[in-house]
Structure formats: structure tokens, C-alpha cells
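Protein chains: 2
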Amino acid sequence: MAKKHQKNTDMQMLADLANVSRSTVSRALSDSPLVNEKTRAKIRALAAEHNYVVNEAARSLRLQQSNIVSVVLMLDPESEQHISDPFFLEMIGHLADNLAGAGFDLLLVHEPISRATDFLASRAYRQSAGIIFIGQGQAHKELNKLAQGNVPIVVWGAKLAGKKYRLVGSDNVAGGRLAASYLIEHGRKRLAFFGDRGLPELKARYEGFVKAHEDLGLAVDDNLMLPVPFDTEQAEVMIGAFLDRHPRIDGIVCCSDLIAMSTMALLNARGMRVPEDVAVIGYDDISIAARANPPLTTVSQDIRSGGQMLVKTLLQSMEKGSARDHVMKVKLVKRGSTP
Amino acid sequence: MAKKHQKNTDMQMLADLANVSRSTVSRALSDSPLVNEKTRAKIRALAAEHNYVVNEAARSLRLQQSNIVSVVLMLDPESEQHISDPFFLEMIGHLADNLAGAGFDLLLVHEPISRATDFLASRAYRQSAGIIFIGQGQAHKELNKLAQGNVPIVVWGAKLAGKKYRLVGSDNVAGGRLAASYLIEHGRKRLAFFGDRGLPELKARYEGFVKAHEDLGLAVDDNLMLPVPFDTEQAEVMIGAFLDRHPRIDGIVCCSDLIAMSTMALLNARGMRVPEDVAVIGYDDISIAARANPPLTTVSQDIRSGGQMLVKTLLQSMEKGSARDHVMKVKLVKRGSTP
DNA sequence: CGCCTTGCTGCAATCGATTGCATTATTGTC
DNA sequence: GACAATAATGCAATCGATTGCAGCAAGGCG
Numbered sequence: 000m001a002k003k004h005q006k007n008t009d010m011q012m013l014a015d016l017a018n019v020s021r022s023t024v025s026r027a028l029s030d031s032p033l034v035n036e037k038t039r040a041k042i043r044a045l046a047a048e049h050n051y052v053v054n055e056a057a058r059s060l061r062l063q064q065s066n067i068v069s070v071v072l073m074l075d076p077e078s079e080q081h082i083s084d085p086f087f088l089e090m091i092g093h094l095a096d097n098l099a100g101a102g103f104d105l106l107l108v109h110e111p112i113s114r115a116t117d118f119l120a121s122r123a124y125r126q127s128a129g130i131i132f133i134g135q136g137q138a139h140k141e142l143n144k145l146a147q148g149n150v151p152i153v154v155w156g157a158k159l160a161g162k163k164y165r166l167v168g169s170d171n172v173a174g175g176r177l178a179a180s181y182l183i184e185h186g187r188k189r190l191a192f193f194g195d196r197g198l199p200e201l202k203a204r205y206e207g208f209v210k211a212h213e214d215l216g217l218a219v220d221d222n223l224m225l226p227v228p229f230d231t232e233q234a235e236v237m238i239g240a241f242l243d244r245h246p247r248i249d250g251i252v253c254c255s256d257l258i259a260m261s262t263m264a265l266l267n268a269r270g271m272r273v274p275e276d277v278a279v280i281g282y283d284d285i286s287i288a289a290r291a292n293p294p295l296t297t298v299s300q301d302i303r304s305g306g307q308m309l310v311k312t313l314l315q316s317m318e319k320g321s322a323r324d325h326v327m328k329v330k331l332v333k334r335g336s337t338p
Numbered sequence: 000m001a002k003k004h005q006k007n008t009d010m011q012m013l014a015d016l017a018n019v020s021r022s023t024v025s026r027a028l029s030d031s032p033l034v035n036e037k038t039r040a041k042i043r044a045l046a047a048e049h050n051y052v053v054n055e056a057a058r059s060l061r062l063q064q065s066n067i068v069s070v071v072l073m074l075d076p077e078s079e080q081h082i083s084d085p086f087f088l089e090m091i092g093h094l095a096d097n098l099a100g101a102g103f104d105l106l107l108v109h110e111p112i113s114r115a116t117d118f119l120a121s122r123a124y125r126q127s128a129g130i131i132f133i134g135q136g137q138a139h140k141e142l143n144k145l146a147q148g149n150v151p152i153v154v155w156g157a158k159l160a161g162k163k164y165r166l167v168g169s170d171n172v173a174g175g176r177l178a179a180s181y182l183i184e185h186g187r188k189r190l191a192f193f194g195d196r197g198l199p200e201l202k203a204r205y206e207g208f209v210k211a212h213e214d215l216g217l218a219v220d221d222n223l224m225l226p227v228p229f230d231t232e233q234a235e236v237m238i239g240a241f242l243d244r245h246p247r248i249d250g251i252v253c254c255s256d257l258i259a260m261s262t263m264a265l266l267n268a269r270g271m272r273v274p275e276d277v278a279v280i281g282y283d284d285i286s287i288a289a290r291a292n293p294p295l296t297t298v299s300q301d302i303r304s305g306g307q308m309l310v311k312t313l314l315q316s317m318e319k320g321s322a323r324d325h326v327m328k329v330k331l332v333k334r335g336s337t338p
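In C-alpha cells, the structure reads:
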């Protein structure tokens, strides 16, 4: 039913159908107050009827901005492996929901950000209206460099000296402290810490772990700190060897639920009972934690709010050019793996 | 150091620096045989030096195609919840890797595809060079409709009658059969099946489950089929009630490792030993399966190859306009949760 | 020396939506 | 009825990269 045959763009078609110009269609669809109420309604109806959607490429080109937010998943620095911890999927899920709610699409970047300049030059970077980094990895400097660029970034992680980027994260010091305090208060005296302090978040947890010892007048044995990677296979080799070297520990604070579950399996294989002989605490409270055997006591991060806050903070940076950091609370969820 | 001040585009800047026209720069960067070897080298060097990257919006607009592939995660049809099974994160990770290798970015869509027309009209759809659906959910008809569109799609799932879309998936019938056969051959006689046959993949697994019974001359008790959702909380309520109703089962085939772990925890709480009283088999072989207590026997899908094949198939559809379906093999990984 | 071929390079139109400014339609006022 | 004020619409330039076609230079051939 088209009337004239101007340029053959979709929007022009709509315009012809409505007997108006492209300008009016564009304005109607973006709710400009300049167009008449009835005209807008007519155009809207036609658009819906004909499944019209603006061409994002054209729109982005013209507006010099995109509807895409990139989410960068850090790699495990030790193993250079992708991290498949369910925690990250849950986080991504929440990010996707919140971004969709704000009209953005989520572009997933699954590569190492080894050099900031590389990333600055990447298409993912140039294409994005903003970027969310999940985990700082060992890229603190690179992130600082990226923060200088003109694409707003927000990072999930721990506060580091000289940080120039917006940060959202949970209170890792409190998390480590909660876990260790709980074990010490229940009479455990030789606590191990499983996690790589090379990662800022885990370093903070270790600080909390140490503080708990200080609070309660117990000495920390540095030999009981084991820098396990996120990669399960490698982690298990290290943990197995560690358990053989240190059979007398009576409590372990792990930096992820997955590590905790591996640890429990290895303890089990060695005839050490959880929690009677050794108590184990995980981190994150992923959904399987409650179904572990025994159910895993763990430090819970509120991922839902975390994801929400990341998006909120990013949107603020994009709109107002500024935003504040946010530290989320953590809590200890007590289950069967501890006394 | 710019020389003239033409239009202020990035590419024009490069052109000025190299003393050539934009045309030549464009051709040099896309390796057109039309440009002189030296010219190309010079331009390439300048581009690298100045961190030049083409504007994807402009490029997409002009070429009428994008560098984005959308990946759609199906929702749990029962609970309408996002699925946070680690299986999916691993899959997404592999997809991201393979797509990146082919020069595509991964756009994650985390919404229900309730009506095909809605999705046809969505920005995610219009923006994509191709789409990968992980799981068919109950959207078979919608997928068929989408397959008619001009954006190539590939689906991870099970073969359904009247399917019009490209399919990659594992052999679910074989998977269900393997699991049930193994249990029956080890003397188990009253097997339950935990999974919602409303999902095509799970329906196929149930078929295999039934075939195994037929093969080995055992009757299937339809009452022992429990349609559990992926949502853990809801699943556990159903499973708990089921176990109370049917205390005499001696083997359970579960449709995910997560369900299997929940099941083991619930069996445990009822004083039923795994595998002595009840043997449990999971599905997917996610990395935690081996660390469950007892370690979980499970049907392994080769996710890595699966992801690779999904991307390969999609690329073929995009380039040649046609491609073939692929069925991946599965295997049973035997661990402590079965005799 | 003139003409043709080959090899590069540049010009300018094009992709589809947005928006400042100009223009037209509508309403109100005296 | 004339004119101003206001509301609604249209015109045309613009975003940045690509590419068909035209143009130019260098070299080969007779």
C-alpha cells in the first residue's frame, strides 16, 4: 500500500504510510513533544503493525553513541583459564536483566585485558556506551588507564590504592574476618586460607582473616596460606599436597564455594571428617553450596544487589559523568560444614 | 600533526597523515588487492600507531550487516526463572571464544522469547548477523518462524518433528539410555526419572530411559517420572515430597548435575545412602560433579565441541546460506554415586 | 612518438536515522 | 478580517566507512 517511492528505507515506508515525513516519524517514535498527539498515535500504531524497529547502526552513527554495554569477564591470572564459577553466570544474569531494563544490550567480552592500549583499540571498547569489569584480576594499572578514556567504566572488585575507576564490590575484609572469627570462636586454632592474594579481592579477605586472628589473640601461621587458582584441576593438586603437608589444621577459609567443595572432597578422601576434624567455609553462596554434603557454610555476597548497583553506577557515570563507589555488605550463612 | 582539515573523521585523519584519500585507507585496512603494497604497509603502521579502529556503526550501516551474534539463553519454562546452571556459563564461554576467533562479538540475550513476532521486532534480532539459541524451551514454533526470517539461527537442543531451523545438540536419547542401562545392569529395579519432559531435550532423555528398560526387560513405572524445574528451590520441594512418597526406589536418573546434587542432599537428609540404597546419575558433567560427595556419576556432554560446532554451523549458514545439523556423542562418566 | 594496457588512487554517492532551522497550519486577539 | 502567536511538520545536512566508476601515471609495444 505504499504510495510514493522515495528512498527505500524502512522509516520512509512508515512515513509514506502515515503521510508524513521521516522527521515526524523519528520524532513520534522518540516521544518528542513536537509532534501532535494523534499523529504520534497513528505512527506508533503503524510501527507496531509493521514490526518497525529503528536501525541501530544508523542511529548509533548519527547519535555518536551506542546501546551496548560490554561486560568483561576476567580470566584466572594463574591458569589463564576462563573462569566457570557459577557466581559469574549469576552476576551476568543480573547484569543482563538490569541493563535490559535500562534499554541496553549486553556484549560479553571473554578475553584477557593484558594491555590497556590493546583494549582501548578494540572494537568492543569503541562500540560500547559503557563497560563493566567483573573482577580486577591483575589489571589495576590497565583499568586506571581505561578510566581516563571517554567510555565510562565500572569495576566489580576491591578498593586499591591509587584507584581512578568507579568501584562496586562487597566488603571483602569483613568477609574474611567473619569467616575466620566464626571458626576461631568455635575453638578452631589452626586455620588455613585458600585463595590467591594476587587478586585484590582475595587479598582483602586475607586481611580480614588476619584481623580476626588479632582480634581474638591467635597467631596467624603464614605457611597455612595457599594461593590456589580458580581452575579446579590445578587447585586440587595444590590442595591435595597441602593437606598432606599440614594434616593438623582444623579449619579452612576458602575463597570460593567451588574451592571449598573441592577441599571437602579431598579431606574426605583422606579420611578427615567435615566439620568434626576440619571445618570448611566457602565464599559467594552459590546455589549449590546449600546442597553440598555437608551443606557448606559460606560468606554470602548479595549478587542481585551487586549487579543492580553496577548497572546503576554505570548509568550514572554515563549520564552525569560522575558516580560514587559502593560497598555491599556480606553475611555468614551457617550450614553443616562448620560446627 | 594533521595537515589539512577536511571532515573530522578518524579515517580522514589517517588519510591525511598518509597523504592519501579515505578510499585508499579503507581499502588498505580491508586488504583490498587494489592498493599498493607499500601504501598498505604505511597505512597499517599509522593505524596501529594511532590506535585507529573503524567505527562499527558506520561500517555496519554501510555494509548492511553487523559483527554481532546474539546468544539467547532460554528461561526455565516452569519457574520463569533465569537458569543459573554452570553448564550454561561454560557453554557461553566456549561460544564467546569461538565467535571472537571468527571476528564476532557476543550479545547476550537473557529474556524469554515468548512470541516470535516480538523477537523479530527486537533490537537484538535486528542488530545481529546471526543468532544462537541455547535450548529450545517450549519455543519450537517460534523458532520455526524465526528460521524463515533473514537472520540465520542455530539452536542447541533436540530434534523435533517439523523443525525448520539448524540444530546442534547431543544425543539425548543415548544419554538417557546410557544412564538407565547402567543402573539396571547393576541390579537396580525401581528407577525414577527427574526432569521435565516438556523440554525437548529432556523428553528425548526419557525416551532413552524407557528404551533401556525395554532392552533389559524391565517395566517402566510412569509414576516415578517427576517433572522437576531447573529452579533449585522449587525442585527441592518437589523432590522431597517425591522421596517421601516413593521411599522404595533404588536409582534416580536426573536431568542435570544440580538436580542430582539436590537429590543426594535430600536423600541424605532422609537417611538414605548413596549409592548403597539409591544410586544417582546426573547430566552434563559440570566441573563440580566430580567434587560432589559422593562424586557424581553423570552423562557427559562435550560442551567445548558443542560450542565450537554451534559457531561453525552458524558461520556456514551465514556464508553459504546452508548448513547441516550435528549430533554430538555423549558418554557416561562413572563415579561414586553409582555402584 | 602515439596509443593501449595495467596498476593505483580519488571522487562522490550511499547506508538510515536525527535535528536545527525554515515553513506551513492553526488558533487567538482586537 | 488582519495580524500575531503558537503548534506541527518538512527540508536538508550530518554521522563515518565503503565502493562503482572515473582519472591519472607508468610502462610496453609498434
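Residue numbers (numbering that gives the first Met the number 0), protein chains in the order written: chain A, 0 to 338; chain B, 0 to 338. Even glycine gets a Cβ: it sits at the ideal position worked out from N, Cα and C. Quantities reported herein were computed from a predicted structural model and do not represent experimental measurements.
Legend entry - Partners in chain A for Val252 of chain B, counting only beta-carbon separations shorter than 8 Å: Counting from 1 along the second sequence, the entry for residue 252 of chain B is found at position 253. Near Val252 of chain B there are no residues of chain A at all, since even the closest Cβ is about 18 Å away, more than 8 Å.
Inset, instruction - Measure the C-alpha to C-alpha separation of Gly335 of chain A and Pro274 of chain A and round it to an integer number of angstroms. - result: Reading the first sequence from its first residue, position 336 is the one you call residue 335 of chain A. Reading the first sequence from its first residue, position 275 is the one you call residue 274 of chain A. Straight-line Cα distance between these residues: approximately 7 Å.
Legend entry - Assigned secondary structure, Thr23 of chain B (DSSP; H/G/I helix, E/B strand, else coil): Counting from 1 along the second sequence, the entry for residue 23 of chain B is found at position 24. DSSP, read as helix, strand or coil, puts Thr23 of chain B in helix.
Legend entry - Beta carbon of Ala291 of chain A nearer than 9 Å to that of Met327 of chain A: Locating residue 291 of chain A in the first sequence gives position 292, where the first residue counts as 1. Locating residue 327 of chain A in the first sequence gives position 328, where the first residue counts as 1. Against a cut-off of 9 Å, the Cβ pair of Met327 of chain A and Ala291 of chain A comes out as no contact.
Inset, instruction - Identify whether His325 of chain A lies in helix, strand or coil by the three-state DSSP scheme. - result: Here residue 325 of chain A refers to the residue found at position 326 of the first sequence. His325 of chain A: strand per DSSP, three-state reduction.
Inset, instruction - Answer yes or no: does any C-beta atom of chain B fall closer than 9 Å to that of Arg187 of chain A? - result: On the first sequence, residue 187 of chain A is found 188 positions in, with the first residue counted as 1. False, the Cβ-Cβ gap to chain B never drops below 9 Å.
Legend entry - Under 7 Å from the C-beta of Ile287 of chain B: neighbouring residues of chain A: Walking along the second sequence from the start, residue 287 of chain B turns up at place 288. Simply Leu257, Met260, Ile287.
Inset, instruction - Report the three-state DSSP secondary structure of Ala57 of chain B (helix, strand or coil). - result: In the second sequence, the residue the question calls residue 57 of chain B occupies position 58. Helix at Ala57 of chain B.
Inset, instruction - Would you mind sorting Ala288 of chain A into buried or exposed? The rule is 16 or more other CB atoms within 10 Å of its CB. - result: Along the first sequence, read from residue 1 onward, the residue named residue 288 of chain A stands at position 289. Classification for Ala288 of chain A: buried.
Legend entry - Whole-angstrom C-beta distance between Ala120 of chain A and Asn50 of chain B, which should lie under 8 Å: As a first step, residue 50 of chain B is located in the second sequence; it is residue number 51 there, counting from the start. As a first step, residue 120 of chain A is located in the first sequence; it is residue number 121 there, counting from the start. About 4 Å separates the two Cβ atoms, so the contact holds.
Inset, instruction - Compare the C-beta of Ala128 of chain A with all C-beta atoms of chain B and state if any pair is closer than 9 Å. - result: Locating residue 128 of chain A in the first sequence gives position 129, where the first residue counts as 1. Chain B contact via Cβ: absent.
Legend entry - Beta-bridge pairing of Thr296 of chain A - partner residues as DSSP gives them: Numbered from its first residue, the first sequence carries residue 296 of chain A at position 297. Under DSSP, Thr296 of chain A forms a beta bridge with A:Ile280.
Legend entry - Residue-chain proximity (Thr231 of chain B, chain A), Cβ-Cβ < 9 Å: Counting from 1 along the second sequence, the entry for residue 231 of chain B is found at position 232. It does: the Cβ of Thr231 of chain B has a partner Cβ on chain A nearer than 9 Å.
Legend entry - Cβ neighbour criterion (16 or more within 10 Å) applied to Asn171 of chain B: Indexing the second sequence from 1 puts residue 171 of chain B at position 172. Buried: at least 16 other Cβ atoms inside 10 Å.
Inset, instruction - Can you tell me which of A:Pro226, A:Asn267, A:Val227, A:Glu206 puts its alpha carbon nearest to the alpha carbon of Pro246 of chain A? - result: Position 247 of the first sequence, counted from the first residue, corresponds to residue 246 of chain A. The shortest CA-to-CA distance from Pro246 of chain A to any of A:Pro226, A:Asn267, A:Val227, A:Glu206 is the one to A:Asn267.
Inset, instruction - Check whether the Cβ of Leu225 of chain A lies closer than 8 Å to any heavy atom of the ligand MG, and answer yes or no. - result: The model depicted lacks the ligand MG and carries no ligand whatsoever.
Inset, instruction - Return yes when the Cβ of Leu88 of chain A is within less than 9 Å of the Cβ of Ala46 of chain A, no when it is not. - result: If you number the first sequence from 1, residue 46 of chain A lands on position 47. If you number the first sequence from 1, residue 88 of chain A lands on position 89. Taking 9 Å as the cut-off, the beta carbon of Ala46 of chain A is found no closer than this to the beta carbon of Leu88 of chain A.
Inset, instruction - Take Lys363 of chain B as the anchor and find which of B:Ala178, B:Asp117, B:Leu313, B:Asp9 has the nearest alpha-carbon. - result: As shown, chain B starts at 0 and ends at 338. That puts residue 363 of chain B outside it, with no answer to give.
Inset, instruction - Taking only beta carbons into account, state which residues of the segment 128 to 147 of chain B come closer than 9 Å to chain A, listed in chain order. - result: Cβ contacts with chain A: none found.
Legend entry - Proximity test, Cβ basis, 9 Å: Lys333 of chain A and chain B: Looking up residue 333 of chain A in the first sequence gives position 334. So no, Lys333 of chain A is outside the interface.
Inset, instruction - Please report the residue range of the alpha helix (DSSP H) in which Ala46 of chain A lies. - result: The count along the first sequence starts at 1 and reaches residue 46 of chain A at position 47. Following the DSSP letters along the chain, one finds Ala46 of chain A inside the alpha helix (DSSP H) bounded by residues 36 to 48.
Inset, instruction - Flag Ile183 of chain A as yes if its beta-carbon sits less than 9 Å from any beta-carbon of chain B, otherwise no. - result: Taking the first sequence and counting its residues from 1, the one referred to as residue 183 of chain A is at position 184. So, not an interface residue.
Inset, instruction - Answer with yes or no whether the minimum CB distance from Asp301 of chain A to chain B is below 9 Å. - result: The residue given as residue 301 of chain A occupies position 302 in the first sequence. So no, Asp301 of chain A is outside the interface.
Inset, instruction - Would you check if there are 3 or more beta carbon pairs closer than 8 Å linking the segment 206 to 219 of chain B to the segment 146 to 158 of chain B? - result: Under the 8 Å Cβ criterion, the segment 206 to 219 of chain B does not count as touching the segment 146 to 158 of chain B, having fewer than three qualifying pairs.
Legend entry - Given Cys253 of chain B as reference, the closest of B:Phe208, B:Ser304, B:Gly194 once Cα atoms are compared: One-based indexing of the second sequence puts residue 253 of chain B at position 254. Nearest neighbour of Cys253 of chain B by Cα position, chosen from B:Phe208, B:Ser304, B:Gly194, turns out to be B:Gly194.
Inset, instruction - Pull up the distance between the alpha-carbon of Pro293 of chain A and that of Thr262 of chain A, whole angstroms please. - result: Here residue 293 of chain A corresponds to residue number 294 of the first sequence, with the count starting at 1. Here residue 262 of chain A corresponds to residue number 263 of the first sequence, with the count starting at 1. Counting only the Cα atoms, Thr262 of chain A lies some 12 Å from Pro293 of chain A.
Legend entry - Whole-angstrom distance between Leu265 of chain A and Gly161 of chain B, CA atom to CA atom: Locating residue 161 of chain B in the second sequence gives position 162, counting from the first residue. Locating residue 265 of chain A in the first sequence gives position 266, counting from the first residue. Their backbone Cα atoms lie some 49 Å apart in a straight line.
Inset, instruction - With a threshold of 16 other CB atoms inside 10 Å of the CB of Thr337 of chain A, please say whether the residue is buried or exposed. - result: Mapped onto the first sequence, residue 337 of chain A falls at position 338. By the neighbour-count rule (16 or more Cβ atoms within 10 Å), Thr337 of chain A is buried.
Legend entry - Members of the segment 187 to 214 of chain B that neighbour chain A once the beta carbon cut-off is set at 9 Å: Going along the segment 187 to 214 of chain B in chain order, one finds no residue with a Cβ nearer than 9 Å to chain A.
Inset, instruction - Mind reading off the beta-carbon distance from Pro199 of chain A to Leu159 of chain A? Whole number of angstroms is fine, and I expect it under 8 Å. - result: If you number the first sequence from 1, residue 199 of chain A lands on position 200. If you number the first sequence from 1, residue 159 of chain A lands on position 160. Indeed they touch by this definition, with Cβ atoms about 5 Å apart.
Inset, instruction - Give the DSSP-derived three-state secondary structure of Gln5 of chain A in the structure shown. - result: Here the question's residue 5 of chain A lines up with position 6 in the first sequence. At Gln5 of chain A, the pLDDT of 46 sits below 50, so the modelled position is not reliable and the matter cannot be decided from this model.
Inset, instruction - Alpha carbon to alpha carbon, how far is Ser286 of chain B from His325 of chain B? Give it in angstroms, no decimals. - result: Taking the first residue of the second sequence as 1, we reach residue 325 of chain B at position 326. Taking the first residue of the second sequence as 1, we reach residue 286 of chain B at position 287. So the two alpha carbons sit approximately 24 Å from each other.
Inset, instruction - Could you confirm whether any beta carbon from chain A is found closer than 9 Å to the beta carbon of Asp284 of chain B? - result: Looking up residue 284 of chain B in the second sequence gives position 285. So no, Asp284 of chain B is outside the interface.
Legend entry - Thr116 of chain B: contacting residues in chain A (beta-carbon distance under 7 Å): Along the second sequence, one-based indexing puts residue 116 of chain B at 117. What Thr116 of chain B touches in chain A: Asn50.
Legend entry - Residue-level contact to chain B via CB, Met317 of chain A, 9 Å cutoff: On the first sequence, residue 317 of chain A is found 318 positions in, with the first residue counted as 1. For Met317 of chain A, the closest Cβ of chain B is not nearer than 9 Å.
Inset, instruction - Reducing DSSP to helix, strand and coil, say where Phe241 of chain B ends up. - result: Here residue 241 of chain B is taken as the residue at index 242 of the second sequence, counted from 1. Three-state result, Phe241 of chain B: helix.
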